[in-house]
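These notes are about the structure you will find just below.
In the working numbering, the protein residues as written are 48 to 318.
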């Protein structure tokens with residue numbers, strides 16, 4: 048979702064893959080099949096894998112949007128050659144729908160799903176599909192928001208009758224946002240019930256703040272401009288509405304600084 052991703056760079060994806068390499072023993076992927084679920088329009092995790100590992104057997108780059116899979120890393124001959132040689136494969140698949148993964152049951156050694164499950168309504172089903180896709184002994188690393196007030200605010204604005212009429216359908220639709228119904232322990236219990244040999248789960252709170260109300264309002268308007276076409280005569284009203292709604296949502300109605308937490312869950316499982 049425009050303006051929502053707090054880790055929107057290739058460097059952050061490299062950090063994520065390095066964490067798996069250094070802390071979870073993803074040192075040697077020689078001859079292994081890897082799957083990047085929800086690669087998005089930037090392929091950041093896939094690029095990081097290609098950058099950090101050179102001897103994997105196959106990298107399956109997956110997203111439910113065929114349009115997103117048309118993107119290629121600019122001027123990346125390595126990525127291009129790996130795809131030509133069928134080492135990188137593109138897969139249009141919805142992680143919530145097990146039918147898409149029937150051909151991959153117990154066939155993948157490593158799976159990454161970074162910043163994608165917040166777009167999934169049935170997260171438990173998605174995790175079950177990930178588990179089913181893994182080979183026995185295979186591992187998966189999943190990072191997603193349990194709660195992001197910016198996403199909740201966007202959903203609220205999109206559902207407000209006053210502004211929903213101005214959604215501009217000629218613009219790319221923002222990803223869906225579904226805050227989690229469950230907390231860390233529920234996901235840990237589910238993975239253990241499936242039969243995972245190892246389950247590592249940790250919740251992290253990422254504090255966010257704006258130096259001024261104007262800075263916050265500017266961020267909110269950036270999101271609005273990516274989704275709506277607000278008439279000029281209503282723009283000021285929209286600005287005030289956006290800021291007021293967000294302040295109410297995060298509990299900053301007393302005139303103090305606008306602060307909130309993004310809560311994310313990191314899961315590492317071994318089948």
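Beta carbons: idealized from backbone N, C-alpha and C, even for Gly. Bear in mind that the values here come from a model prediction, so they are computed numbers and not experimental data.
> Cα separation between residue 129 and residue 100?
Replying inline: Residue mapping note: residue 129 aligns to position 82 of the chain shown, counting from 1. Residue mapping note: residue 100 aligns to position 53 of the chain shown, counting from 1. Approximately 12 Å between the Cα atoms of the pair.
> Looking only at C-alpha atoms, which of 256, 240, 251, 265 sits nearest to residue 318?
Replying inline: As a first step, residue 318 is located in the chain shown; it is residue number 271 there, counting from the start. Among 256, 240, 251, 265, the Cα nearest to that of residue 318 belongs to 240.
> For residue 126 versus residue 97, is the C-beta distance shorter than 8 Å?
Replying inline: Counted from its first residue, the chain shown places residue 126 at position 79. Counted from its first residue, the chain shown places residue 97 at position 50. Against a cut-off of 8 Å, the Cβ pair of residue 97 and residue 126 comes out as a contact.
> How big is the Cα-Cα spacing for residue 256 and residue 154?
Replying inline: Taking the first residue of the chain shown as position 1, residue 256 is located at position 209. Taking the first residue of the chain shown as position 1, residue 154 is located at position 107. Distance between the alpha carbons of residue 256 and residue 154 is about 43 Å.
> In chain order, what residues of the same chain lie with their CB nearer than 6 Å to the CB of residue 136, ignoring the 5 residues before and after it?
Replying inline: In the chain shown, counting from the first residue as 1, residue 136 sits at position 89. Around residue 136: 107.
>> What does the alpha-carbon distance come out to for the pair residue 48 and residue 214?
In response: As a working mapping, residue 48 is identified with position 1 in the chain shown. As a working mapping, residue 214 is identified with position 167 in the chain shown. Any answer about residue 48 is weak, because its pLDDT of 38 lies below 50 and its placement is not dependable; what the coordinates show is given next. Taking the straight line joining both Cα atoms gives about 15 Å.
>> Rounded to the nearest angstrom, what separates residue 313 and residue 143 at their Cα positions?
In response: As a first step, residue 313 is located in the chain shown; it is residue number 266 there, counting from the start. As a first step, residue 143 is located in the chain shown; it is residue number 96 there, counting from the start. Spanning the two alpha carbons is a distance of roughly 19 Å.
> How would you call residue 161, buried or exposed, if buried means at least 16 neighbouring beta carbons within 10 angstroms?
Replying inline: Within the chain shown, numbered from 1, the residue matching residue 161 stands at position 114. Label assigned to residue 161: buried.
> Is residue 160 helix, strand or coil when you go by DSSP?
Replying inline: In the chain shown, residue 160 corresponds to position 113, counting from 1. It is a strand residue.
> Which whole-angstrom value describes the C-beta separation of residue 263 and residue 204, a residue pair presumed to lie in contact below a C-beta threshold of 8 Å?
Replying inline: Residue numbering aside, residue 263 sits at position 216 when the chain shown is read from its first letter. Residue numbering aside, residue 204 sits at position 157 when the chain shown is read from its first letter. With 8 Å as the limit, residue 263 and residue 204 do not qualify as a contact, their Cβ atoms being about 14 Å apart.
> Does the beta-carbon distance from residue 92 to residue 110 come in below 8 Å?
Replying inline: Along the chain shown, read from residue 1 onward, the residue named residue 92 stands at position 45. Along the chain shown, read from residue 1 onward, the residue named residue 110 stands at position 63. For residue 92 and residue 110, no; Cβs fall outside 8 Å.
> Where does residue 311 sit, in a helix, a strand or coil, going by DSSP?
Replying inline: Translated into positions along the chain shown, residue 311 becomes position 264. Looking at residue 311 - three-state DSSP - the assignment turns out to be strand.
>> Using the three-state DSSP reduction, which class does residue 140 fall into: helix, strand or coil?
In response: As a first step, residue 140 is located in the chain shown; it is residue number 93 there, counting from the start. Coil at residue 140, not helix or strand.
>> In chain order, what are the residue ranges of uninterrupted alpha helix (DSSP H) at least 4 long that sit wholly in the segment 204-276?
In response: 208-211, 231-241, 260-274
> Near residue 51, what residues of its chain come up, given a Cβ to Cβ distance below 8 Å and the 5 sequence neighbours on each side ignored?
Replying inline: For this step, residue 51 is matched to residue 4 along the chain shown. Confidence in residue 51 is poor, its pLDDT being 46 and thus under 50, which makes the residue's placement unreliable; the coordinate value appears in the next sentence. If we look at residue 51 and ignore the five residues flanking it on each side, its Cβ neighbours are 195, 197, 198, 201, 224, 270.
> Would the segment 233-251 and the segment 284-298 be scored as touching if the rule is three or more Cβ pairs under 8 Å?
Replying inline: no
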